[in-house]
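The structure appears below as structure tokens.
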Amino acid sequence: MGKVIINEQGDTRLAEMIPAFPTISFETELFVWEEAFFENNYRTLFLSGMGRRQAKNRAYQHLTNRKVHKQHTFAFEVEINGQILRDYWKYEGTFHETDNRGFTRVVTKLFDEVTKVRVYVNTLIDNTSFLTRWLEIENLNDKMQAVTSVSPLSGIISRMREDGMQSYPENSRFNKYMLGHFRDNFTQSEGEFEWTELPTPNSGLVFDTFRSKYNFPLYILKNINTGENFIINFETTINSQYTFTHWGDPKCLSYGLSLQDYVQCKVGLSQEAVFRWLEPGQKVVTPSVHFSCVYGDLDICVNSLYKHLRTSVLPDQPQGSEHLVEYNHAGYTAFRPVSKKQLMDEIDICAELGAELFTIDDGWYGSVDQGWWKAIGDWYENSLINGELSEVLDYARGKGIKVGLWLPIEEVGLESDAIKEHPDWFQYKDEKGGAVWDITNPDVEKFMYETLVKLIDKYKLDCFRLDGGCTCTGQRVRNGHIENNMWEYMDKLYAFYEKISAKYPHMLMENCSGGGGRNDLGMLRRFHYTQVSDNWNCAQQLRIFNGTTLAMTPERCLVYVGFMTPFESDIRFSIRSGMFGHITIAGAMPDLASGDNEAMKEWKRCIQLYKDEIRPIFMSGCEMYHHTPVHNYSNNGDWVVMEICNPEHTRNVIGIFRLQDSKASEISVIPKGIDVDKTYEITFDNTGKSVRLTGWEINQKGIRITIPGVLMSELLLIKEV
11 MGKVIINEQG DTRLAEMIPA FPTISFETEL FVWEEAFFEN NYRTLFLSGM GRRQAKNRAY
71 QHLTNRKVHK QHTFAFEVEI NGQILRDYWK YEGTFHETDN RGFTRVVTKL FDEVTKVRVY
131 VNTLIDNTSF LTRWLEIENL NDKMQAVTSV SPLSGIISRM REDGMQSYPE NSRFNKYMLG
191 HFRDNFTQSE GEFEWTELPT PNSGLVFDTF RSKYNFPLYI LKNINTGENF IINFETTINS
251 QYTFTHWGDP KCLSYGLSLQ DYVQCKVGLS QEAVFRWLEP GQKVVTPSVH FSCVYGDLDI
311 CVNSLYKHLR TSVLPDQPQG SEHLVEYNHA GYTAFRPVSK KQLMDEIDIC AELGAELFTI
371 DDGWYGSVDQ GWWKAIGDWY ENSLINGELS EVLDYARGKG IKVGLWLPIE EVGLESDAIK
431 EHPDWFQYKD EKGGAVWDIT NPDVEKFMYE TLVKLIDKYK LDCFRLDGGC TCTGQRVRNG
491 HIENNMWEYM DKLYAFYEKI SAKYPHMLME NCSGGGGRND LGMLRRFHYT QVSDNWNCAQ
551 QLRIFNGTTL AMTPERCLVY VGFMTPFESD IRFSIRSGMF GHITIAGAMP DLASGDNEAM
611 KEWKRCIQLY KDEIRPIFMS GCEMYHHTPV HNYSNNGDWV VMEICNPEHT RNVIGIFRLQ
671 DSKASEISVI PKGIDVDKTY EITFDNTGKS VRLTGWEINQ KGIRITIPGV LMSELLLIKE
731 V
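Heads up: the sequence shown begins at 11 in this note's numbering, then just goes up one per residue.
This is the structure in structure tokens:
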């Protein structure tokens, strides 16, 4: 169990008298994070990934150490009216409470005497290795004031642990740090993870704006000298900024002339997203930062994150609808206007394959003469369906299949009837044009809610499929200044989807934003799973999924397989590329009559294998191991090897995929999700042959796999016997 220790006393046990000042120690698993209120500022103290807490005298020494810059230790940063709040904070106490889940919320109250602003520093301990931090900012002035910058988490997150650095060789006088992060923010290139060396002291790296667009705001700082990994994941869809600065001058350190070697970070909203006015008495809540410190490799970091996300972020899927095999109608229609007959033919394929959820995507609504993007918001059935969509959905339900519908409720087409009826209710969503409803307007929020509820009720939906949404929201003039409404927009949007899911607890919430455009925790706290990309090339999507699952649990990642794109590969490669996530079929064949019998047999075999072997692992809260985590998207890649297993290490599935740039046909794999004291049966899915080996034998020798050609694969099914 995690705990918090609040110590507001001094220490008189040593010769050096330590004055009284508040320290707060957060302990959860082996992660310890300590902060203090000292000299009118709230500051970071120590962190540990080995469960070590510091004594009061060491805290005092750290806080009075001139080799650590005071400003670098501030545990958060709030700027009001262009002025960073510091040096005039008043400590108003720390309290904590434990809820019925066993989670402990700790709140430290601070009051700035200059601006009359109170900040509540919130920290949640959910008994995993992660802490969650957010701020509440309250304007107690009698005048409007603007939040002009905010970072819910800042301070020192890694440091040199050794003393006597002057005796080290020249090239070892400072720590070496590697920063793991997602590389780009471009559509169809999600999931490209890389390690970048943090520059030598007195320089750093800044990641700004759109960091939640087409990639995850996840960062892992690895201290090469100590082996510590400091993990940060920002729960927001708002444009954000991350700064990692390596401080210190090792040449002068031995003479006491400069800073110690450490890394300071700041995690906050970008300047583009922040300029938010607060009325007198108004309080706003910042997005949350999830952070931890663990030892080990990348997969240990990833599985620690999985445990935290499943514990206190991701919603449970409705009972009876967990990890369904989904079928999306648009594989062959390419989102063009679709008819009733076409949809019913697709349902027949869905049923024959054994899929369990049939989702109608784009092409069902508006005028057939308009492009789909122009008609968004006109939620009436197109003339080809002719008012009979309910009959189509009943046809699916009659076959025991649940039903879903594509409804990008935030968006509105610039040529739609809806926008003509409400020309003052929208805002442009980005620099490319396109529009979204301005949900910060209460009338608009009411209109959106009533529209969506009417459609869900009319069609009796089991699944609501979102798409689109904003990337950069509107500007407005308020109190004589330009204010960006993105922060308020996302607050309202999150509340909107919470209201919908509360009204329909049985309904699956499926997230998409032009593919993986909004796959951050802000959205995924409100949705059951999310599409990884609009790149449907199975080889490329496989690498995207491989990278995406460094930040998100695999069972929450929707992957398309089928004719969504006419990319050719071995059929097993294609189907298996989606079996390690939320598998969604889109275009297995044009119709049942023209379906190839052998292809149909393989589709049905793989789908049944997913249900029998992979879904039970997902239901257990699976671990995942990435044998090939880092890929350079400028080439085709050579191999992708992924492994999932249950926590007990009694069931394990490994996918081995050979890509176009591979030179050899053989690869050796050492499974990570096995125990050396168990005996396993390993089934090679391509041949159906099995062998029995002990975990010790597998661990020592590995498993050699031969895959004769590119874009072919193998699946290993490993079970304890």
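Yeah, the Cβ is synthetic: ideal placement off N, Cα and C, and Gly gets one too.
- Counted as a single uninterrupted DSSP element, the stretch harbouring Q618 is not any beta strand (DSSP E) but the alpha helix (DSSP H) occupying residues N607 to L619.
- If one requires a minimum length of 3 residues, the beta strand (DSSP E) runs lying completely within the stretch 206-255 are 213-218, 228-233 and 238-245, in chain order.
- Beta bridge pairing from DSSP links H106 with V116.
- Under the three-state reduction of DSSP, D467 is assigned to helix.
- Shown here, T125 sits in coil according to DSSP, grouped into three states, outside any helix or strand.
- Shortest Cα-Cα distance from D622 to any of F121, L727, G201 and Q19 involves L727.
- Restricting attention to M354, H191 and N132, the CA atom closest to the CA of P297 is found in N132.
- Residues Y375, T461 and L465 of the same chain have their beta carbon placed closer than 7 Å to that of W389, with the five preceding and five following residues left out of the count.
- Annotated three-state conformation of A46 is strand, per DSSP.
- In the structure shown, D21 adopts extended strand secondary structure according to DSSP, grouped into three states.
- Secondary structure at V160: strand, using DSSP grouped into helix, strand and coil.
- Pairing I28 with D21 gives a Cβ-Cβ distance under 7 Å.
- With respect to D358, L602 sits close: the two C-beta atoms are nearer than 7 Å.
- Fully contained in the stretch 356-386 are the following alpha helix (DSSP H) runs of length 4 or more, in chain order: 382-385.
- By the 16-neighbour rule on beta-carbons within 10 angstroms, M517 is buried.
- Rounded to whole angstroms, the gap between the alpha carbons of S280 and S159 is 8 Å.
- If you draw a straight line from the Cα of Q541 to the Cα of Q64, it is about 44 Å long.
- According to DSSP, residue pairing for T716 in a beta bridge involves E676.
- The C-alpha of P325 is placed about 16 Å away from the C-alpha of F506.
- Around the beta-carbon of G341, 16 or more other beta-carbon atoms lie within 10 Å, marking it buried.
- An exposed status is given to T74, since fewer than 16 other beta-carbon atoms sit within 10 Å of its beta-carbon.
- Taking C-alpha positions only, T563 is separated from C655 by approximately 12 Å.
- For C311, no beta strand (DSSP E) encloses it; the enclosing alpha helix (DSSP H) starts and ends at L308 to S322.
- Membership of A69 in the alpha helix (DSSP H) is indicated by the continuous run K66 to L73.
- Selection L531, F537 and F192 evaluated against E520 yields F537 as nearest (Cα-Cα).
- Here the stretch 150-157 does not lie against the stretch 321-335, with fewer than 3 beta-carbon pairs under 8 Å apart.
- In this structure the stretch 583-596 does not touch the stretch 235-251; the number of beta carbon pairs closer than 8 Å is below three.
- A contact is defined here as three or more CB-CB pairs under 8 Å, and the stretch 308-324 fails this definition with respect to the stretch 350-357.
- Here the C-alpha atom of R528 lies approximately 7 Å from the C-alpha atom of T247.
- Under the DSSP definition of a beta bridge, F192 partners with F203.
- DSSP, read as helix, strand or coil, puts V640 in coil.
- As the crow flies, the alpha-carbon of S543 is around 7 Å from that of Q551.
- Here I510 carries a helix assignment [DSSP, helix/strand/coil].
- Judged by DSSP in its simplified three-state form, Y504 adopts helix.
- Pairwise C-beta distances place the stretch 122-141 in contact with the stretch 89-108, as three or more of them are shorter than 8 Å.
- Just so you know, the alpha carbons of V650 and L669 end up roughly 7 Å apart.
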